[in-house]
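First comes the structure, then the notes that go with it.
Residue numbers (my numbering): 67 to 308.
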């Protein structure tokens, strides 16, 4: 009975709002939120999928010089970390960080920032070699918005789109609950972490939305029990093996 209840509980996405997305948050709350989020992201090695898979998918030659758009970049931590990682390998990865919240982007000083919506990107077709996003898509409420987000990412990408987000499952929910109670995080941050899992996705959901968004050759898969991954190459880019 317990397993059935859990399965039913996670069968559909939650639309419960996260405090993290509230426009009324003070600047100090924004700063604190990204500081806490950074701690959790480092625990999960959030840059690892990009570090491991981008070179595998694009190849070393293409990786030598890339322009990347990070959607829902927040304070720009992912872009900065990946830029430094690429630099150590003799590669140049130039990031543009896009987020709806200008306060979050103000924390990404001395870098290229754009305040805009992921459903209406202010760029020409094929403006970036690679468009990425990490755990951003679940902040969108409707399938219509998600499909538009996918389509816009596809439109402005020249070589490929590479996205990931949380997989909606009870095991991850339980693990996140334990992790968030191991440190004295604010109550709303703990609640948001659990809501994020409930707002997460299943592989089939992303596969259907990618097809509706016109992402040819999109591959969607379950990643290490915690994430849904999507990689969609343009005709000129490498296609990952199945």
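Note that beta-carbon positions come from the ideal geometry of N, C-alpha and C, so glycine has one too.
Residue i versus residue j - alpha carbon distance
i	j	result
residue 94	residue 110	25 Å
residue 244	residue 298	34 Å
residue 182	residue 175	17 Å
residue 259	residue 280	31 Å
residue 41	residue 126	Since the first residue shown for the chain is 67 and the last is 308, residue 41 is missing from the structure and cannot be characterised.
residue 168	residue 203	18 Å
residue 142	residue 284	26 Å
residue 265	residue 253	18 Å
residue 246	residue 296	27 Å
residue 209	residue 184	14 Å
residue 272	residue 97	31 Å
residue 257	residue 187	30 Å
Beta-carbon spacing of residue i, residue j below 8 Å
i	j	result
residue 160	residue 134	yes
residue 226	residue 300	yes
residue 294	residue 233	yes
residue 139	residue 164	yes
residue 113	residue 148	yes
residue 212	residue 137	no
First through last residue of the alpha helix (DSSP H) which encompasses residue i
i	result
residue 301	Here residue 301 belongs to no alpha helix (DSSP H), and DSSP marks it neither H nor E.
Bridge-paired residues (DSSP) for residue i
i	result
residue 276	Answer by DSSP bridge pairing: none, since residue 276 is not bridged.
residue 288	294
residue 178	162
Beta-carbon proximity list for residue i, same chain, < 8 Å, skipping 5 on both sides
i	result
residue 194	133, 134, 135, 162, 222, 223, 224
residue 76	234, 235, 236, 239, 264
Residues of its chain near residue i, where Cβ-Cβ distance is below 7 Å and the 5 sequence neighbours each way are ignored
i	result
residue 261	80, 82, 84
6 Å Cβ shell around residue i - same chain, five flanking residues per side excluded
i	result
residue 121	129
Endpoints, beta strand (DSSP E) assigned at residue i
i	result
residue 229	223-232
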